[in-house]
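From first to last, the protein sequence lines are chains A and B. Residue numbers for the first sequence follow the working numbering, beginning at 425 and rising by one. Residue numbers for the second sequence follow the working numbering, beginning at 97 and rising by one. Written below as structure tokens is the structure these notes are about.
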Amino acid sequence: MNWRIAPGQALRRHSWQDETVIYNDLSGATHLIGAAANAVLDALRDDPASLAGEASAALDEILEELAALALIEPAP
Amino acid sequence: MKRVGSLARAALGAQLAGPGIRLQTGPFVVSLRSPIAPLADAVHRLYADYPLHDADRFADFHIHMARGRGLRRWLRPQVHFDHDGSAPFQPLPIHHAFPMFEWVLNWCVTSRAHGWLIIHAAVVERDGLAVILPAPPGSGKSTLCAALVARGWRLLSDEMTLVRLSDGLVDASPRPVSLKNASIEVMRAFAPEAVFSEVVGDTAKGAVAHMKAPTASIERAGEPARPAWVIFPQWVSAAPARLEPMPRARAFMELAQNAFNYNHLGPAGFDALARLVDGCASYRFRYGALDDALAVFAALPRPAP
């Protein structure tokens, strides 16, 4: 499955060491995410195709978590 | 500048029962009307140093606390509160009038003052740098705050940290420090020179008393402070004092949970909190004895300017 940043999410983030807080524009909630999830968001924003060659169970897990927060969604 | 203390007790009572008074606490002007004598007693004792304004001065909050009506007025005297005509609090026994005034004023600020990110935290300052002490009830936050203030730290607030959205500085709104249960006697012994309200013994929070804010803190209420430390205190009986660094992102999440209007502010609240956390060193702090805690606070490593 291909993914994209959910429309309406501005990815307002702040990172310290390997942890990031992110503001969810759709829910108004704030989430604490790790470095890997933050890197996945960067990749989906900048170059979604770059994830194609990285398929792994760990990546799938991160994608599912980000989708559950409505930060990302399946690309049409 | 005219102060509340310029009115003798009888004149204060008459004005409160009549047109009311307008007193200033930090950035807020409060109009207070009430015929209740125990409330006037406490205002006379704890608010003497606060600026008193004329009746034509704009007031941010209008608070009217009245006796109940009808038979209940005589059988079980109660105090009612209305704020700009609405009455969001349940009536309470008449001798709860002063603690109720304090809670009501807190409610007015936290539900209306959205020019600040308001964190449920005490905040004190020394040498221009502020320590923010966020904590749930029972953590010893107010006791620690009262002890720091009694030993020379400036009180900005014991309950609400007002972080400006514009520049991230913390505004002062020094008010009486709320003490509960065993803390009341602890502080009487620790700061015998301080001024305390009467103890109200049977509130929903147990016994409550208030310690007057130091005159110097009230006089400097117009001076903001730069936040430098966020310290989450936890009192643990007989525990040695221990300061433990806290990752900034974790501090951010806990501060967001302790902010009254974080959700209301949306992205502006997120940005204000990120700037605050960026500029502060964050710690968890366990302590068992106030003197140990004061020694730790006196030696806090100063952040890079």
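By construction, the Cβ of each residue, glycine as well, lies at the ideal position given by its N, Cα and C atoms.
Beta-carbon separation of residue i and residue j under 8 Å?
{"i": "A/Ala499", "j": "A/Arg436", "result": "no"}
{"i": "B/Ser253", "j": "B/Val219", "result": "yes"}
{"i": "B/Glu319", "j": "B/Tyr379", "result": "no"}
{"i": "B/Gly122", "j": "B/Asp267", "result": "yes"}
{"i": "B/Ala347", "j": "B/Leu213", "result": "no"}
{"i": "B/Ala138", "j": "B/Phe194", "result": "yes"}
{"i": "A/Ala403", "j": "A/Ala479", "result": "Because chain A in this structure spans residues 425 to 500, residue 403 of chain A falls outside the shown range and cannot be described."}
{"i": "B/Ala364", "j": "A/Thr454", "result": "no"}
{"i": "B/Leu230", "j": "B/Glu350", "result": "The identity of residue 230 of chain B in the sequence shown is Pro, whereas the question assumes Leu. Contact: yes."}
{"i": "B/Phe124", "j": "B/His216", "result": "no"}
{"i": "B/Asp240", "j": "B/Ala377", "result": "Residue 240 of chain B is actually Leu in this sequence, not Asp. Not a contact, by the Cβ cut-off of 8 Å."}
{"i": "B/Pro207", "j": "B/His160", "result": "According to the sequence shown, residue 207 of chain B is Ser rather than Pro. Not a contact, by the Cβ cut-off of 8 Å."}
{"i": "A/Leu487", "j": "A/Val464", "result": "yes"}
{"i": "B/His149", "j": "B/Arg105", "result": "no"}
{"i": "B/Leu265", "j": "B/Arg222", "result": "no"}
{"i": "B/Gln111", "j": "B/Leu119", "result": "no"}
{"i": "B/Glu246", "j": "B/Ala309", "result": "The sequence shown places Ala at residue 246 of chain B, rather than the Glu named in the question. Their beta carbons are not under 8 Å apart, which means B/Ala246 does not touch B/Ala309 by this criterion."}
{"i": "B/Ala324", "j": "B/Pro399", "result": "yes"}
{"i": "B/Leu128", "j": "B/Ser293", "result": "no"}
{"i": "B/Pro343", "j": "B/Gly236", "result": "no"}
{"i": "A/Ala461", "j": "A/Glu489", "result": "yes"}
{"i": "B/Asp307", "j": "B/Pro272", "result": "Rather than Asp, the amino acid found at residue 307 of chain B in this sequence is Met. Cβ atoms of B/Met307 and B/Pro272: closer than 8 Å."}
{"i": "A/Gly432", "j": "B/Asn359", "result": "no"}
{"i": "B/Ile132", "j": "B/Arg99", "result": "no"}
{"i": "B/Arg371", "j": "B/Ser313", "result": "no"}
{"i": "B/Ile117", "j": "B/Val227", "result": "no"}
{"i": "A/Leu456", "j": "B/Ala345", "result": "yes"}
{"i": "B/Ser274", "j": "B/Glu255", "result": "yes"}
{"i": "B/Ala136", "j": "B/Gly109", "result": "yes"}
Compare the C-beta of residue i with all C-beta atoms of chain A and state if any pair is closer than 8 Å.
{"i": "B/Phe366", "result": "yes"}
{"i": "B/Gly362", "result": "yes"}
{"i": "B/Ala370", "result": "yes"}
With DSSP as the reference, identify every bridge partner of residue i, one or two as the case may be.
{"i": "B/Gly302", "result": "B/Thr299"}
{"i": "B/Trp203", "result": "Answer is none; B/Trp203 lacks a bridge partner."}
{"i": "B/Met256", "result": "B/His216"}
{"i": "B/Arg380", "result": "B/Phe328 and B/Glu340"}
{"i": "B/Pro320", "result": "Partner(s): none; B/Pro320 has no beta bridge."}
{"i": "B/Thr239", "result": "None, per the DSSP bridge assignment."}
{"i": "B/Thr121", "result": "B/Phe124"}
{"i": "B/Met307", "result": "B/Val273 and B/Phe292"}
{"i": "B/Pro56", "result": "The question about residue 56 of chain B has no answer, for chain B in this structure spans 97 to 401."}
{"i": "B/Leu148", "result": "B/Leu119"}
{"i": "B/Val392", "result": "None; B/Val392 has no bridge partner."}
{"i": "A/Leu456", "result": "A/Val445"}
{"i": "B/Arg105", "result": "DSSP, once it has assigned bridges, lists no residue as partnering B/Arg105."}
{"i": "B/Pro230", "result": "B/Ala217"}
{"i": "A/Trp427", "result": "A/Pro498"}
{"i": "B/His210", "result": "In the DSSP output, where bridge partners are listed per residue, B/His210 has none listed."}
{"i": "B/Leu405", "result": "Coverage of chain B is limited to positions 97 through 401, which leaves residue 405 of chain B absent and any answer about it impossible."}
{"i": "A/His438", "result": "A/Val445"}
{"i": "A/Asp484", "result": "Per DSSP, none; premise fails for A/Asp484."}
Could one say the Cβ of residue i lies closer than 8 Å to chain B's Cβ atoms, at least one of them?
{"i": "A/Gly452", "result": "yes"}
{"i": "A/Val445", "result": "yes"}
{"i": "A/Gln433", "result": "no"}
{"i": "A/Arg428", "result": "no"}
Quick one: residues in its chain with C-beta nearer than 8 Å to the C-beta of residue i, no 5 flanking neighbours on either side, listed in chain order?
{"i": "B/Glu315", "result": "Asp145"}
{"i": "B/Gly384", "result": "Trp331, Val332, Ser333, Ala334, Ala335, Pro336 and Ala337"}
{"i": "B/Leu361", "result": "His210, Leu213, Leu261 and Ala368"}
{"i": "B/Gly375", "result": "Gly264, Arg322, Pro323, Ala324 and Pro399"}
{"i": "B/Ala296", "result": "The question names Ala, yet the displayed sequence has Val at residue 296 of chain B. For B/Val296, where only same-chain residues beyond five positions count, the Cβ hits under 8 Å are His191, His192, Phe194, Pro195, Ala303, Val304 and Ala305."}
{"i": "B/Ala391", "result": "Ala337"}
{"i": "B/Arg153", "result": "Arg118 and Val125"}
In its own chain, which residues sit with a C-beta less than 7 Å from the C-beta of residue i, not counting the 5 before and 5 after it?
{"i": "B/Gly302", "result": "Lys276 and Asn277"}
Residues of chain D with CB under 7 Å from residue i, in chain order?
{"i": "A/Trp440", "result": "Protein chains in the displayed structure are A and B, and chain D is not among them."}
Identify, in the order they occur along the chain, each residue of the same chain with its Cβ nearer than 6 Å to the Cβ of residue i, setting aside the five sequence neighbours on each side.
{"i": "B/Pro134", "result": "His191 and Ala193"}
{"i": "B/Phe157", "result": "Val126 and Cys204"}
{"i": "A/Ala459", "result": "Asp442"}
{"i": "A/Ala467", "result": "Ser474 and Leu475"}
{"i": "B/Met97", "result": "Pro147"}
*asked:* Please list, in chain order, the residues of the region 333-359 of chain B that have any C-beta partner in chain A closer than 7 Å.
replied: The residues in question are Pro343, Arg344, Ala345, Phe348, Met349, Ala352 and Asn359.
*Any residues in the region 451-472 of chain A with a beta carbon nearer than 8 Å to a beta carbon of chain B? Which ones, in chain order?*
Under the 8 Å Cβ criterion, the region 451-472 of chain A contributes Gly452, Thr454 and Leu456.
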